[in-house]
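Contents: one structure, followed by commentary.
There are 2 protein chains.
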Amino acid sequence: MSGPIEFYFEFSSPYGYFAAQKIDQIAEDNGRTCIWKPFLLGGVYKTTGMAPLTDQPLRGEYAMKDWPRLGRYMDVPWKMPEVFPVHTVAAARAFYWINERDLDQARLFAKSLFQACFGEGRDISTPQAVADIAASLFVDKDELLVALQDQAVKDKLRDETDKAIEKGVFGSPFFIVDGEGFWGSDRLWMVKKWLQSGGW
Amino acid sequence: MSGPIEFYFEFSSPYGYFAAQKIDQIAEDNGRTCIWKPFLLGGVYKTTGMAPLTDQPLRGEYAMKDWPRLGRYMDVPWKMPEVFPVHTVAAARAFYWINERDLDQARLFAKSLFQACFGEGRDISTPQAVADIAASLFVDKDELLVALQDQAVKDKLRDETDKAIEKGVFGSPFFIVDGEGFWGSDRLWMVKKWLQSGGW
Chain A
5 MSGPIEFYFE FSSPYGYFAA QKIDQIAEDN GRTCIWKPFL LGGVYKTTGM APLTDQPLRG
65 EYAMKDWPRL GRYMDVPWKM PEVFPVHTVA AARAFYWINE RDLDQARLFA KSLFQACFGE
125 GRDISTPQAV ADIAASLFVD KDELLVALQD QAVKDKLRDE TDKAIEKGVF GSPFFIVDGE
185 GFWGSDRLWM VKKWLQSGGW
Chain B
5 MSGPIEFYFE FSSPYGYFAA QKIDQIAEDN GRTCIWKPFL LGGVYKTTGM APLTDQPLRG
65 EYAMKDWPRL GRYMDVPWKM PEVFPVHTVA AARAFYWINE RDLDQARLFA KSLFQACFGE
125 GRDISTPQAV ADIAASLFVD KDELLVALQD QAVKDKLRDE TDKAIEKGVF GSPFFIVDGE
185 GFWGSDRLWM VKKWLQSGGW
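See below:
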């Protein structure tokens, strides 16, 4: 099979940030394309009953150590944003709005958001912050700010989150390859093996 | 540093079972010893508010697919026990009782329990089942059955579970190497890298 890799992630997810550094190259190395699909973990938590990592006793403390450790290991910049989890409704809505116009620009935009949020610890929670980042990629800022209030744009993100849940996505990052789901940046090695071997 | 690897696990944990196939070899390859430390996830859940994987929507369904997939990938026998999660109080108490007498025998016993539970899908929840497995390793069955009711034996498991929580253990398997914690059988690659490089 040679369908695209679906890369589900939440812009507020550090593990999504780390996976975002690798997934396109893994796809390319194996002759696949990769579709980036942000969703809202908040919507997923309503189904799963889970809570943000940093709200979980012990697990949250582990994560706070694990993220900088992963950053050092991968040689990727890491800076924890002051407010966490990050409110990412504007970011994810903006992504899909740009994505309908230009897939490559949308992907660059997603990478810029992640870089701002976890590479530099900047606040990406407001429409203004999101639009500033988009503007640096030659997106029309005023048009985007209007679009973020558009019901169709709101519905698009809601639909994508619902569809992710229907496909069994319960965390970020989550990869679907040939119908097979893989959860976690920990599992990129397994995604690679799956692509190389065609499954087992 | 060259201290032992601490291997924390719950006998009811499939990911603990998979990690148990690998961890001793990883320790040996890196000139380390490994200390096996079963604990009760039920005790940990009281602190973390987590629930057994199979009780979690979406995540439970993923796990039910992931376990046989891991078994096939690792070429390790896999059979889901009929009753899950498994009640492992007797198993873990028996482990520590044997462990105080003979470390090697206790480790063999732990491996036999895992093999019975997830390799063959057998019920290991009762004192009788646990004692039968111990007896096959030349442990005195009657003596063990009496010991399982001993308050000191009960306290030992409770203490070990409390100590695990104090060390930040929130899931199974969990590894501590040179004071550094690693969660999940997914992270064995990182434990290896840490041992090889002395950290980063």
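Keeping their order, the protein sequence lines are chains A and B.
Our numbering puts the first residue of the first sequence at 5, with every later residue one more than the last.
Our numbering puts the first residue of the second sequence at 5, with every later residue one more than the last.
Backbone N, C-alpha and C define an ideal beta-carbon position, used for all residues, glycine too.
Predicted model, so just to flag it, every value in this text is computed and none were measured.
7 Å is my cut-off, CB to CB: does residue i come that close to chain A?
i: aspartate 190 of chain B; result: yes
i: threonine 52 of chain B; result: yes
i: proline 177 of chain B; result: no
One question on the structure: do residue i and residue j come within less than 7 Å of each other, judged by their Cβ atoms?
i: arginine 97 of chain A; j: leucine 152 of chain A; result: yes
i: alanine 67 of chain B; j: leucine 74 of chain B; result: no
i: serine 129 of chain A; j: histidine 91 of chain A; result: yes
i: alanine 24 of chain A; j: phenylalanine 118 of chain A; result: yes
i: isoleucine 27 of chain B; j: phenylalanine 11 of chain B; result: yes
i: tyrosine 77 of chain A; j: lysine 160 of chain A; result: no
i: proline 177 of chain A; j: glycine 20 of chain A; result: yes
i: glutamate 86 of chain B; j: leucine 45 of chain B; result: no
i: alanine 168 of chain B; j: valine 134 of chain B; result: no
i: leucine 192 of chain A; j: threonine 52 of chain B; result: no
i: glycine 125 of chain B; j: lysine 69 of chain B; result: no
i: proline 89 of chain A; j: serine 16 of chain A; result: yes
i: alanine 120 of chain B; j: isoleucine 137 of chain B; result: yes
i: glutamate 164 of chain B; j: phenylalanine 43 of chain B; result: yes
i: glycine 172 of chain A; j: glycine 188 of chain A; result: no
i: valine 181 of chain A; j: isoleucine 9 of chain A; result: yes
i: phenylalanine 174 of chain A; j: valine 48 of chain A; result: yes
i: phenylalanine 179 of chain A; j: valine 195 of chain A; result: yes
i: proline 18 of chain A; j: phenylalanine 122 of chain A; result: yes
i: aspartate 190 of chain B; j: aspartate 190 of chain A; result: yes
Measuring only between beta-carbons, confirm whether residue i sits less than 7 Å from chain B.
i: tryptophan 204 of chain A; result: yes
i: phenylalanine 174 of chain A; result: yes
i: proline 42 of chain A; result: no
With DSSP as the reference, identify every bridge partner of residue i, one or two as the case may be.
i: tyrosine 12 of chain A; result: A:Lys41, A:Phe178
i: tryptophan 187 of chain A; result: A:Phe178
For residue i and chain E, any beta-carbon pair shorter than 7 Å?
i: methionine 194 of chain A; result: Structure shown: chain E not included; protein chains present are A and B.
Could you give the uninterrupted runs of the alpha helix (DSSP H) lying entirely in the region 50 to 100 of chain B, keeping only those of 4 residues or more?
63 to 78
Using a beta-carbon distance cut-off of less than 7 Å, what residues from the region 93 to 126 of chain B approach chain A?
none
Under 7 Å, CB to CB, which of the residues in the region 59 to 90 of chain A have a partner in chain B?
Gln60, Pro61, Leu62, Arg63, Glu65, Tyr66, Arg76, Tyr77
Within the region 125 to 176 of chain B, note down every full beta strand (DSSP E) run reaching 3 residues or more, in order along the chain.
none
The region 15 to 45 of chain B: positions lying closer than 7 Å to chain A by Cβ:
none
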